[in-house]
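I have placed the structure first, in the form of structure tokens, so that the comments after it can refer back to it.
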Amino acid sequence: MYYRFYTADVFTTKQFGGNQLAIFPHAEGLDTHSMHMVAREFNISETVFVFPPEDPDNTRHLRIFTPSIELPFAGHPSIGTAFTLAAIQEIPLYGESMEVKFEEEVGIVTVNIFTKDGKPTFAQLVAAVLPKFGPPPPDTKILASVLSIESNDILKNDFSPQAVSCGVPFLFIPLKDRSALSRAHLNREKWREHLSHYWAPHLYLFTLDAGDPECSIRARMFAPAMGISEDPATGAGATALGGYLGSRNPQTDGMLKWIIEQGIEMGRPSKLEVETDKKNGQITAIRVGGSCVMVSEGLINISLGHETGNS
């Protein structure tokens with residue numbers, strides 16, 4: 000049976016930048032095994048399969064796959080799917096902005112779509128869960144060996160490694176400058192030894208030494224547990240970073256905002272905008288958003304009910 004798909008570049012305003020995403024707007028009839036195999040065939044960061052909502056008050060039901068696993072939530076697939084469904088007129092657009100609600104394993108994910116001249120220009124999701132903080136990570140010497148850098152490249156004290164999750168757990172590792180960030184290289188053997196079974200096996204590296212004057216942070220993300228060597232733009236990671244940074248900021252009330260550049264070292268520059276709301280010193284909401292660009296559409300013939308490969 001033929002299924003139509005679209006691809007988009009997410010968190011960018013230019014084709015061939017940002018993070019690639021494949022979207023199947025009508026995935027009815029596909030089982031879990033077929034979705035796994037299709038995601039493996041596309042072999043990009045994530046592939047999204049869209050179904051009718053289980054609750055008619057919601058917009059769609061999403062299932063999100065990397066080449067290796069299914070995810071309970073992911074930022075760039077949620078944002079890219081909202082943008083794509085609006086761009087191909089699967090979701091009617093009204094006014095300058097509108098809200099859609101996606102059913103994901105983590106819960107209901109709300110995405111706001113902003114428009115101009117009847118076309119989507121920007122999408123912003125609201126984190127379905129507030130940040131949760133994980134157990135202490137291994138010491139900096141071990142983390143440095145995993146990343147093939149020196150231990151003094153990793154910041155300590157106010158900014159130190161910490162695991163945070165807003166649906167997907169990341170280990171945030173702050174580095175002293177862009178040089179340390181660019182030198183980082185994942186040692187998979189040491190990662191398997193020290194971090195593969197840790198609460199947050201996905202490594203989000205960042206520095207406040209951003210190269211773009213419009214940005215406050217430059218980041219990289221390694222996720223071998225997801226089958227992703229390096230990710231050019233990580234919405235779920237940026238969301239959790241809003242928790243990491245927001246919890247450290249002395250401001251007790253109001254909105255904090257950061258613009259993150261990612262994917263520079265991969266040649267796929269991306270920009271992600273993160274907002275964290277605080278009240279009485281507590282984080283009350285986190286949002287992440289960005290622009291998207293449509294790239295392609297096509298058909299794939301999927302043999303339903305037949306062996307499609309070894310899992």
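Under numbering that gives the first Met the number 0, the first residue of the sequence shown is numbered 0, with each subsequent residue one higher. Glycine residues also receive a C-beta, built at the ideal position from the N, C-alpha and C atoms. Keep in mind that this is a model prediction, so the values were computed, not measured.
In this structure the region 237-251 does not lie against the region 85-93, because fewer than three pairs of beta carbons, one per stretch, are closer than 8 Å. A straight line joining the alpha-carbon of residue 137 with that of residue 194 spans about 8 Å.
According to the DSSP assignment, residue 267 belongs to no alpha helix (DSSP H), since it is labelled neither H nor E. Taken in chain order, the complete alpha helix (DSSP H) segments of 4 residues or longer contained in the region 183-209 are 187-193. Excluding residues up to 5 positions away in sequence, 133, 134, 162, 168 lie with their Cβ nearer than 7 Å to the Cβ of residue 198 in the same chain. Listed as beta-bridge partners of residue 300 by DSSP are 1.
One Cα belongs to residue 188, the other to residue 229, and the distance between them is close to 16 Å. CA-to-CA, the gap between residue 55 and residue 17 works out to about 32 Å.
Bounds of the alpha helix (DSSP H) holding residue 76 are 74-86. Taking the Cβ atoms as the reference, residue 142 lies roughly 6 Å from residue 160, within the contact range of under 8 Å. In the three-state reduction of the DSSP assignment, residue 43 falls in the coil class. According to DSSP, residue pairing for residue 18 in a beta bridge involves 9. Between the C-alpha atoms of residue 12 and residue 268 there is a straight-line separation of about 10 Å.
Between residue 264 and residue 217, the C-beta spacing is not below 7 Å. The beta carbons of residue 128 and residue 75 sit no closer together than 7 Å.
For the set 29, 25, 43, 115, the Cα lying nearest the Cα of residue 7 is the one of 43. Restricted to the region 144-171, not a single alpha helix (DSSP H) segment is unbroken, complete and at least 4 residues in length. 7 Å or more divides the Cβ of residue 275 from the Cβ of residue 226.
The three-state secondary structure of residue 223, taken from DSSP, is helix. Of the residues 69, 67, 101, 206, the one whose Cα lies closest to the Cα of residue 24 is 101. Residue nearest to residue 99 within the set 256, 179, 117, 60 is 60 (criterion: CA-CA distance). In this structure residue 286 is buried. Its beta-carbon is surrounded by 16 or more other beta-carbon atoms within 10 angstroms. Membership of residue 246 in the alpha helix (DSSP H) is indicated by the continuous run 234-247. Setting aside the 5 residues that flank it on each side, residue 253 is surrounded in the same chain by 276, 277, each with a C-beta closer than 8 Å to its C-beta; the list follows chain order.
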